[in-house]
Amino acid sequence: MNRLVQRVIASTILVGGLMMGVSQADEPIVIKFSHVVADTTPKGQGAILFKKLAEERLPGKVKVEVYPNSSLYGDGQEMDALLVGDVHLLAPSLAKFEHYQKKIQLFDLPFLFDDMAALDRFQQSPAGQELLKSMEDKGITGLGYWHNGLKQLSANKALHVPRDARGLKFRVQNSAVLDEQFKALRANPRKMAFAEMYQGLQTGVVNGAENPYSNTYSQKIHEVQKYITESNHGALDYMLITNTDFWNGLPEDIRNELTAILAEVTVEVNNHANELNERDKQSIIDAGTTEIIYLTPEEREEWRKAVRPVWEKFQDQVTPELIQAALDANTP
Ligand code: LMR
Numbered sequence: 053m054n055r056l057v058q059r060v061i062a063s064t065i066l067v068g069g070l071m072m073g074v075s076q077a078d079e080p081i082v083i084k085f086s087h088v089v090a091d092t093t094p095k096g097q098g099a100i101l102f103k104k105l106a107e108e109r110l111p112g113k114v115k116v117e118v119y120p121n122s123s124l125y126g127d128g129q130e131m132d133a134l135l136v137g138d139v140h141l142l143a144p145s146l147a148k149f150e151h152y153q154k155k156i157q158l159f160d161l162p163f164l165f166d167d168m169a170a171l172d173r174f175q176q177s178p179a180g181q182e183l184l185k186s187m188e189d190k191g192i193t194g195l196g197y198w199h200n201g202l203k204q205l206s207a208n209k210a211l212h213v214p215r216d217a218r219g220l221k222f223r224v225q226n227s228a229v230l231d232e233q234f235k236a237l238r239a240n241p242r243k244m245a246f247a248e249m250y251q252g253l254q255t256g257v258v259n260g261a262e263n264p265y266s267n268t269y270s271q272k273i274h275e276v277q278k279y280i281t282e283s284n285h286g287a288l289d290y291m292l293i294t295n296t297d298f299w300n301g302l303p304e305d306i307r308n309e310l311t312a313i314l315a316e317v318t319v320e321v322n323n324h325a326n327e328l329n330e331r332d333k334q335s336i337i338d339a340g341t342t343e344i345i346y347l348t349p350e351e352r353e354e355w356r357k358a359v360r361p362v363w364e365k366f367q368d369q370v371t372p373e374l375i376q377a378a379l380d381a382n383t384p
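In this text, residue positions in the sequence shown follow our numbering: the first is 53, and each later residue adds one.
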């Protein structure tokens, strides 16, 4: 079935579903929020808070079902499920949008943002906000950015300088930028769904990965990785998205209330993400399974130089203007 036919069928199903939702006014509107991480992570906590507030403030009108840990849809399925209306809210990492909007690849260029505050400034800037609306022709509306945290490299070998990573196999998200990042280190990237990472590392299909501490700890990645290098080489952040037709088809009062709730939840998630990552870093240290390696400024500079050529590879797709806008956000 070609994509056009799929979309026509999907829209027909969706409109039918929406009309049912509207005509049966006494039935609550069911909002399914699917994601791939644990409840304890920033995204997991955000989804739970959204459910709580939505059901408290729109009693009987809205029912939110949260499906964590790839329990309903995993990587590779959740976007299609959103497009056909089987789920209504997702928060995929920004690395997972390249098939819908190439400019979003910006966020994964290594060592682009100095810290999470710079990333936040860019996301709130006009250029960052424009990206939220840039996929509406494809049926996807961005409702906000949720933070997780900076990524750290992990492996069963101590990684101090780029040459230590040579020849190792790293699990990467489904992202051309991240693929190139590891190729620049002369390592072997392997695209793998999030839910498969633990087993991939355990069985030696891959030897290393890159994750924020919250994902490492909640997926027990530290149990199968002897070293974590605190490289802070990029961020793992999310775009909270909905199906454009679903969202626009909601009764206005409900949509406005949900928008206000999401704004509140976004502030909560973004204020606490760092705290959750620090908590999970401490839990990894306490578990005693994994040595955390801290880089000297000189070593970090070596990593930065090694992966910097990735920017040139993607600058046409991302646009030099957007890269400049991101760099400007490094200055408060
Ligand atoms: C990953 O695949 O590593 C992340 O995108 C998972 C997530 O949602 O944090």
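Glycine included, C-beta positions come from ideal geometry on N, C-alpha and C.
Residue closest to Gln376, alpha-carbon to alpha-carbon, out of Gln153, Ala147, Asp91 and Leu171: Mapped onto the sequence shown, residue 376 falls at position 324. Considering only alpha carbons, the answer is Leu171.
Sort Gln367, Asn284, Ala106 and Asn259 by Cα distance to Leu314 and report the nearest one. In the sequence shown, counting from the first residue as 1, residue 314 sits at position 262. It is Ala106.
Which residues in the same chain as Val276 place their Cβ atom closer than 7 Å to its Cβ, once the five residues preceding and following it in sequence are excluded? For the purposes of this step, residue 276 is taken as residue 224 along the sequence shown, with counting starting at 1. Within the same chain, Val276 has close Cβ partners Tyr250, Leu253 and Gln254.
Taking 8 Å as the CB-CB limit, is Ala228 close to chain D? The structure shown contains no chain D, having only a single protein chain.
Could you give the first and the last residue of the continuous alpha helix (DSSP H) run that contains Val321? Translated into positions along the sequence shown, residue 321 becomes position 269. That run of the alpha helix (DSSP H) goes Glu304 to Ala339.
How many angstroms separate the CA atom of Leu56 from the CA atom of Lys243? Here residue 56 is taken as the residue at index 4 of the sequence shown, counted from 1. Here residue 243 is taken as the residue at index 191 of the sequence shown, counted from 1. Annotation note: pLDDT 44 at Leu56 (below 50); position unreliable, no value reported.
Leu48 CB to nearest heavy atom of the ligand LMR below 7 Å: Nothing about residue 48 can be reported from this structure: the residues present for the chain run from 53 to 384 only.
What are the start and end residues of the alpha helix (DSSP H) that includes Ser266? Taking the sequence shown and counting its residues from 1, one reaches residue 266 at position 214. From DSSP, the alpha helix (DSSP H) with Ser266 extends over Tyr265 to Ser270.
Tyr250, DSSP secondary structure in three states: In the sequence shown, counting from the first residue as 1, residue 250 sits at position 198. Three-state result, Tyr250: helix.
Euclidean distance between Cα positions of Phe222 and Lys209: Here residue 222 refers to the residue found at position 170 when the sequence shown is read from its first residue. Here residue 209 refers to the residue found at position 157 when the sequence shown is read from its first residue. Each residue's alpha carbon lies about 12 Å from the other.
So is the beta-carbon of Asp127 under 7 Å away from any non-hydrogen atom of the ligand LMR? The count along the sequence shown starts at 1 and reaches residue 127 at position 75. Yes, Cβ of Asp127 sits closer than 7 Å to a heavy atom of the ligand LMR.
Exposed or buried, which one is Lys278 when buried takes at least 16 other CB atoms within 10 Å? Position 226 of the sequence shown, counted from the start, is the residue given in the question as residue 278. Label assigned to Lys278: exposed.
Using 7 Å as the cut-off, classify the Cβ of Val88 as near or not near the heavy atoms of the ligand LMR, replying yes or no. Your numbering for residue 88 matches position 36 in the sequence shown. Val88 Cβ: within cutoff of the ligand LMR.
So Met244 is in the alpha helix (DSSP H); what residue range does that whole segment cover? The residue you call residue 244 lines up with position 192 of the sequence shown. Counting along the chain, Met244 falls outside any alpha helix (DSSP H), and DSSP gives it neither H nor E.
Can you list, in chain order, the stretches of the alpha helix (DSSP H) that have 4 or more residues and sit fully within the segment 72 to 106? none
Beta-carbon contacts of Val370 that lie in its chain and below 6 Å, excluding the five residues immediately before and after: On the sequence shown, residue 370 is found 318 positions in, with the first residue counted as 1. For Val370, where only same-chain residues beyond five positions count, the Cβ hits under 6 Å are Lys155, Gln157 and Leu158.
Have a look at Glu108 and Ser270 and give me their C-alpha separation to the nearest angstrom. To locate residue 108, count along the sequence shown from 1; it is residue 56. To locate residue 270, count along the sequence shown from 1; it is residue 218. Distance between the alpha carbons of Glu108 and Ser270: 28 Å.
Skipping 5 residues on each side, what residues in its chain have a beta carbon closer than 7 Å to that of Gly112? Your numbering for residue 112 matches position 60 in the sequence shown. Excluding positions up to five away in sequence, the list reads Pro80.
Close-in-space but distant-in-sequence residues of the same chain around Lys84 (CB under 6 Å, 5 per side omitted): Within the sequence shown, residue 84 is the residue found at index 32, counting from 1. Once the five neighbours on either side are set aside, the close Cβ partners of Lys84 are Glu117, Val139 and His140.
In this structure, does DSSP put Met53 in helix, strand or coil? Against the sequence shown, residue 53 aligns to sequence position 1. The predicted model places Met53 with a pLDDT of 45, which falls under 50 and marks its position as unreliable; any figure quoted below should be read in that light. It is coil, neither helix nor strand.
Exposed unless 16 or more other CB atoms sit within 10 angstroms - verdict on Glu330: Residue numbering aside, residue 330 sits at position 278 when the sequence shown is read from its first letter. Exposed, because fewer than 16 other Cβ atoms sit within 10 Å of the Cβ of Glu330.
Heavy atom of the ligand LMR within 7 Å of Gln97 beta-carbon: Start at 1 with the first residue of the sequence shown, and residue 97 comes out as number 45. Not so, every heavy atom of the ligand LMR lies at least 7 Å from the Cβ.
Is any heavy atom of the ligand LMR found at a distance shorter than 7 Å from the C-beta of Asn267? Counting from 1 along the sequence shown, the entry for residue 267 is found at position 215. At least one heavy atom of the ligand LMR is nearer than 7 Å to the Cβ of Asn267, so yes.
Heavy atom of the ligand LMR less than 7 Å from the Cβ of Lys272, yes or no? Taking the first residue of the sequence shown as 1, we reach residue 272 at position 220. No; taking the cut-off as 7 Å, the Cβ of Lys272 has no heavy atom of the ligand LMR nearer than that.
According to DSSP, is Arg223 part of a helix, a strand, or is it coil? As a position in the sequence shown, residue 223 is number 171, starting the count at 1. Strand, per DSSP.
Within 10 angstroms of the Cβ of Ala312, are there 16 or more other Cβ atoms? Answer buried if so, exposed if not. In the sequence shown, counting from the first residue as 1, residue 312 sits at position 260. The residue in question, Ala312, is exposed, as its Cβ has fewer than 16 Cβ neighbours within 10 Å.
Would a C-beta distance cut-off of 8 Å place Pro32 and His324 closer than the cut-off? Residue 32 cannot be examined here, being either before or after the span of the chain that is shown, 53 to 384.
Flag this pair as yes or no: are the beta carbons of Ser145 and Gln204 separated by less than 8 Å? Counting from 1 along the sequence shown, the entry for residue 145 is found at position 93. Counting from 1 along the sequence shown, the entry for residue 204 is found at position 152. Against a cut-off of 8 Å, the Cβ pair of Gln204 and Ser145 comes out as no contact.
Among the candidates His285, Leu220 and Leu288, whose CA atom is the shortest distance from the CA of Val257? By one-based count along the sequence shown, residue 257 stands at place 205. For Val257, the nearest C-alpha among the options comes from Leu220.
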